[in-house]
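Q: Just so we're aligned: 74 in the numbering used here is position 72 of the sequence shown, and the numbers increase by one with no gaps anywhere. Shown below is the structure under consideration.
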Amino acid sequence: MRRYLYFHRGASFLKVILSGVILFGLCSGMIYCEDVSVVMVGDKVVLENDIRAKMRDENKDYQEALRDIVSEKLLLLQAEREGIEVTKEEVDSEINRIMKRFPDEKAFFSQLEKEKIPYQLFRKQIEEKVKVKKLIRKNVVDKLVITTSEILKKMKEIEEKSSNAYKVKMKWFNDEASSKDFASSFNDTKEEEMTDVGWMNSEEILPQVLEPLEKIGKGKLSAPIKINNRYLILLLKDINKRKPDAYTLYNRAKNALYNIKFSEKFNAYLRELQSRTPVFYSN
Numbered sequence: 003m004r005r006y007l008y009f010h011r012g013a014s015f016l017k018v019i020l021s022g023v024i025l026f027g028l029c030s031g032m033i034y035c036e037d038v039s040v041v042m043v044g045d046k047v048v049l050e051n052d053i054r055a056k057m058r059d060e061n062k063d064y065q066e067a068l069r070d071i072v073s074e075k076l077l078l079l080q081a082e083r084e085g086i087e088v089t090k091e092e093v094d095s096e097i098n099r100i101m102k103r104f105p106d107e108k109a110f111f112s113q114l115e116k117e118k119i120p121y122q123l124f125r126k127q128i129e130e131k132v133k134v135k136k137l138i139r140k141n142v143v144d145k146l147v148i149t150t151s152e153i154l155k156k157m158k159e160i161e162e163k164s165s166n167a168y169k170v171k172m173k174w175f176n177d178e179a180s181s182k183d184f185a186s187s188f189n190d191t192k193e194e195e196m197t198d199v200g201w202m203n204s205e206e207i208l209p210q211v212l213e214p215l216e217k218i219g220k221g222k223l224s225a226p227i228k229i230n231n232r233y234l235i236l237l238l239k240d241i242n243k244r245k246p247d248a249y250t251l252y253n254r255a256k257n258a259l260y261n262i263k264f265s266e267k268f269n270a271y272l273r274e275l276q277s278r279t280p281v282f283y284s285n
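Now the structure itself:
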């Protein structure tokens with residue numbers, strides 16, 4: 003599945019990895035940390051520090067963080083109900099994949115230590131992440147149906163729209179002042195701090211991001227773009243205005259349909275789990 007130009011990059015690296023499907027908050031290095039039960043999802047407890055950690059690590063407000071954690075607990079609970087098992091080899095494979103993102107094994111364990119995540123806890127979280135991924139594949143992904151006629155229709159829609167591709171670098175900021183300071187003092191050294199997103203097609207980019215991107219010239223920097231409560235700066239490295247070939251159109255159409263259908267089916271599946279799972283909120 004293609005990546006999208008509005009993903010969050012503010013959280014610590016390992017916690018971003020863990021949040022790929024399911025992230026359980028940690029109370030490490032927090033000023034405010036209170037082991038108070040807020041919600042019971044079936045037999046699973048959501049603690050106050052779970053919510054506060056997710057707020058901090060993913061830059062979400064309290065209600066967003068709470069909703070996400072409740073959904074995560076629902077999925078894990080259902081995976082356990084269905085007896086979905088994860089082998090040691092599957093966990094090892096996922097951890098090895100994560101380790102490859104680090105220069106070496108020592109750097110990986112140094113990051114764990116820096117984030118105050120015990121290895122056994124990290125391993126447990128990975129096991130739960132894999133378990134939930136298998137649940138979602140079984141009950142959502144494997145049930146998606148995309149017909150040839152749907153793909154052909156979507157191909158035509160994409161072809162009729164502007165199909166510019168943008169080669170972009172990006173950097174997120176937590177406040178407007180720091181984003182403006184970065185832009186005003188921009189140079190080659192500053193560019194090295196930006197993340198290389200690569201080529202992105204116009205239909206894959208949020209409208210509020212695409213609009214300023216279309217107005218800046220090649221090699222130019224955008225003004226700070228407010229996305230929720232954070233700020234994004236883009237550097238347009240190149241632009242490609244060629245029309246896509248049939249193979250590219252087919253893959254774009256199929257990916258677009260997959261994303262739409264997955265979102266609809268996944269949300270319906272979550273609502274189904276919520277309807278038959280007791281969720282108790284403490285007063």
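Beta carbons: idealized from backbone N, C-alpha and C, even for Gly.
Using a Cβ-Cβ cut-off of 8 angstroms (strictly less than) and excluding sequence neighbours within five positions of phenylalanine 188, which residues of its own chain qualify?
A: These residues qualify, in order along the chain: Leu223.
Q: Put asparagine 253 into one of helix, strand or coil per three-state DSSP.
A: If DSSP states are grouped into helix, strand and coil, asparagine 253 belongs with the helices.
Q: Could you name the residues that DSSP lists as bridge partners for serine 39?
A: Partner(s): Leu49.
Q: Please specify which runs of the alpha helix (DSSP H), each continuous and at least 4 residues long, are wholly inside the segment 71-133, giving them in chain order.
A: Here the runs fully enclosed are 90-101, 107-116.
Q: Start and end of the alpha helix (DSSP H) containing methionine 202?
A: Run containing methionine 202: none in the alpha helix (DSSP H); it sits in the beta strand (DSSP E), 197-203.
Q: On the DSSP letters alone, give me the boundaries of the beta strand (DSSP E) that leucine 223 sits inside.
A: Looking at the DSSP string, leucine 223 is not in any beta strand (DSSP E), and its letter there is neither H nor E.
Q: From Ala167, Glu91, Tyr249, pick the residue whose C-alpha is nearest to that of leucine 215; which is it?
A: Cα-wise, what sits closest to leucine 215 is Ala167.
Q: Starting from the Cα of glycine 221, find the closest Cα among Leu259, Ser180, Lys169 and give me that residue.
A: If we check each option's Cα against that of glycine 221, Lys169 comes out closest.
Q: May I have the straight-line CA-CA distance separating arginine 273 from glutamate 50, to the nearest angstrom?
A: So the alpha carbons of these two residues sit roughly 24 angstroms apart.
Q: Compute the beta-carbon to beta-carbon distance between alanine 81 and valine 134, rounded to the nearest angstrom, for a pair I have assumed lies under 8 angstroms.
A: Correct: roughly 6 angstroms between the Cβ atoms.
Q: Tell me the DSSP secondary structure of isoleucine 241 in three-state form.
A: Reduced to three states, the DSSP call for isoleucine 241 is strand.
Q: Restricting to Cα atoms, I'd like to know which of Glu130, Tyr260, Ile53 is closest to valine 88.
A: Answer by Cα proximity: Glu130.
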